[in-house]
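Taking this note's numbering, the leading residue of the sequence shown gets 369, the next gets one more, and so forth. Even glycine gets a Cβ: it sits at the ideal position worked out from N, Cα and C.
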Amino acid sequence: MPFSNRLIQKLHIVLMTNARETSSAGGEYRKIQNFIGPDSNIEHAVYIPVPAAEIPQYMENLEYFMNGEVHSSFKKYNGSEGVVLDEKIEPLIKIAIMHAQFESVHPFGNGNGRLGRILIALMAMSYDLVNFTFFLVSEELAKERARYYAFIKWNKRR
């Protein structure tokens, strides 16, 4: 199954239709800086994603990665020491990288976590790793929420 930003945006529309506690327009990338934190003060943020203006570029890169292609912005690094651009990596590793990248970008105003978990399931099914989603990622991530956000923050600095 080819993955595209259009698919991701359509999934977000479906996800956000009649969603509780949201004013976010389904399928539209956020226009403002958002953050993850305990309150509405950005100074207390646990994680601050990429600026809104950079979302299309990051999402295009993610689309290429999800489909096993190297984005043109990385071609200059091909073969460089310490840079991994192998589009044939193990599926579970690829899914983990996809999820970390998607959550790092946090492209939508709301629903990023839920959509990220849907993408995990879709990619796992596309690689025939599972026939159906029997493992509830949300429950496992909720158990380790603080560590999960700390890892996303650590990963961004790398």
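Own chain partners of residue i with C-beta closer than 6 angstroms, once the 5 adjacent residues on each side are dropped
| i | result |
| --- | --- |
| phenylalanine 433 | none |
Same chain only: Cβ atoms within 7 angstroms of residue i, ignoring 5 sequence neighbours per side
| i | result |
| --- | --- |
| isoleucine 457 | none |
Beta-carbon separation (whole angstroms), residue i vs residue j, contact threshold 8 angstroms
| i | j | result |
| --- | --- | --- |
| glutamate 471 | asparagine 480 | 6 angstroms |
| proline 475 | arginine 398 | 7 angstroms |
Local conformation of residue i per DSSP, three classes
| i | result |
| --- | --- |
| tyrosine 426 | helix |
| isoleucine 488 | helix |
| tyrosine 517 | helix |
| isoleucine 404 | strand |
| tyrosine 432 | helix |
8 angstroms Cβ shell around residue i - same chain, five flanking residues per side excluded
| i | result |
| --- | --- |
| proline 419 | Gln401 |
| arginine 513 | none |
Taking three-plus beta-carbon pairs below 8 angstroms as touching, is the stretch 458-466 in contact with the stretch 405-413? no
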